[in-house]
Ligand SMILES: Cc1cc2nc3c(=O)[nH]c(=O)nc-3n(C[C@H](O)[C@H](O)[C@H](O)COP(=O)(O)O)c2cc1C
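Numbering (this note's numbering), first residue to last: 74 to 271.
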């Protein structure tokens, strides 16, 4: 797939097939995170790959899914993620306020790299962090920024322009997830704010 097409077609997935993701692939995703930009090249991020029980179930229980489509997009047992990458920020290495910014850049690399391999993902910031840290034995001096849920997609969400003011994603009568995005013409300004162009 063309790279721009890849960016445009990546969608958050909350239902996953149960096919495993190999450790080489998961390592590759972390390698892509490692290549991301970092403020002052401080590199405060570390990653925990989770692909085995009991950690898989333990982490699942600390996550909150799809706030606008509750409870329908809580993945049932047969659709749960098959792996997670937990993104950690080292308090010792972090520079000022840039930890979450670095994390966002690295996370987007992971999500796109995953999608390039046909792997779906959900970026979760709604995480019970203390319990999640305990489950994967994160020592003092590290904070969890986000948890990335991974697996081959078992749903095909559809991105569409917001037709009204609502940015809330929703499920249609066929249980398909629709993801409204503000139209290009509304968010883009040409040369001066408010100049819309064509
Ligand atoms: C910082 C951040 C935190 C998010 N946290 C959650 C979360 O806790 N649970 C969840 O189900 N989705 C979460 N998402 C996924 C968003 O809901 C999703 O990106 C948004 O609906 C747009 O859909 P798209 O990724 O398909 O474009 C998060 C996304 C971002 C960027």
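Quick reminder that beta carbons are idealized off the backbone N, C-alpha and C, glycines included.
With hydrogens ignored, establish whether the beta-carbon of residue 139 is closer than 8 Å to any heavy atom of ligand 1.
By 1-based counting over the chain shown, the position of residue 139 is 66. Within the chosen limit of 8 Å, ligand 1 reaches the beta carbon of residue 139 through at least one heavy atom.
Can you tell which of 88, 209, 260 and 255 has the C-alpha that lies nearest to the C-alpha of residue 149?
To locate residue 149, count along the chain shown from 1; it is residue 76. Residue 88 holds the alpha-carbon nearest to the alpha-carbon of residue 149 among 88, 209, 260 and 255.
Using 8 Å as the threshold, is the segment 222-235 in touch with the segment 165-173, meaning 3 or more CB pairs across them?
Judged by pairs of C-beta atoms under 8 Å, the segment 222-235 does not touch the segment 165-173, as fewer than three such pairs exist.
What do you reckon, are the CB atoms on residue 132 and residue 219 nearer than 9 Å?
Mapped onto the chain shown, residue 132 falls at position 59. Mapped onto the chain shown, residue 219 falls at position 146. The answer is no: Cβ separation not under 9 Å.
Whole angstroms are fine: how far does the CA of residue 260 sit from the CA of residue 270?
Working through the chain shown from its first residue, we reach residue 270 at position 197. Working through the chain shown from its first residue, we reach residue 260 at position 187. So the alpha carbons of these two residues sit roughly 12 Å apart.
Keeping to the same chain, check which residues put their C-beta closer than 6 Å to that of residue 66; ignore five residues upstream and five downstream.
With the chain covering only 74 through 271, there is no way to say anything about residue 66.
Are residue 145 and residue 237 touching if we call contact CB-CB under 9 Å?
Locating residue 145 in the chain shown gives position 72, where the first residue counts as 1. Locating residue 237 in the chain shown gives position 164, where the first residue counts as 1. Contact: no.
Stretch-stretch touch, CB-based, cutoff 8 Å, three pairs: the segment 90-108 with the segment 177-197:
A contact is defined here as three or more CB-CB pairs under 8 Å, and the segment 90-108 meets this definition with respect to the segment 177-197.
Per DSSP, what are the beta-bridge partners of residue 262 in this structure?
In the chain shown, counting from the first residue as 1, residue 262 sits at position 189. Beta-bridge analysis with DSSP links residue 262 to no other residue.
Relative to the C-alpha of residue 230, which candidate in 194, 118, 114 and 207 has its C-alpha closest?
Counting from one through the chain shown, the residue named residue 230 turns up at place 157. Of the candidates 194, 118, 114 and 207, the residue whose Cα lies closest to the Cα of residue 230 is 194.
At 4 residues or longer, and completely inside the segment 143-227: list those alpha helix (DSSP H) runs for me, N to C.
Whole alpha helix (DSSP H) segments, 4+ residues: 172-189 and 202-208.
8 Å contact criterion, which residue 240 and residue 253 should meet: CB distance rounded
The residue given as residue 240 occupies position 167 in the chain shown. The residue given as residue 253 occupies position 180 in the chain shown. The Cβ separation is near 6 Å, so the contact holds.
How about residue 232: is its Cβ closer than 8 Å to a heavy atom in ligand 1?
Mapped onto the chain shown, residue 232 falls at position 159. With a threshold of 8 Å, the Cβ atom of residue 232 counts as near ligand 1, since some heavy atom of the ligand is closer than that.
Rounded C-alpha distance that separates residue 111 from residue 243
Reading the chain shown from its first residue, position 38 is the one you call residue 111. Reading the chain shown from its first residue, position 170 is the one you call residue 243. Put simply, the backbone Cα of residue 111 is about 34 Å away from that of residue 243.
Closer than 8 Å by C-beta to residue 256: which residues in its own chain qualify, once you throw out the five before and the five after it? Chain order, please.
Counting from 1 along the chain shown, the entry for residue 256 is found at position 183. These residues qualify, in order along the chain: 234 and 235.
Could you round the C-beta distance between residue 99 and residue 130 to whole angstroms and report it? I think they count as a contact, below 8 Å.
The sequence position of residue 99 within the chain shown is 26, counting from 1. The sequence position of residue 130 within the chain shown is 57, counting from 1. 18 Å between Cβ atoms; not a contact.
What's the C-alpha gap between residue 169 and residue 83?
In the chain shown, the residue the question calls residue 169 occupies position 96. In the chain shown, the residue the question calls residue 83 occupies position 10. Their Cα atoms are separated by approximately 31 Å.
Could you spell out the range, first to last residue, of the beta strand (DSSP E) harbouring residue 232?
On the chain shown, position 159 is the one that residue 232 refers to. Note, residue 232: beta strand (DSSP E), 231-234.
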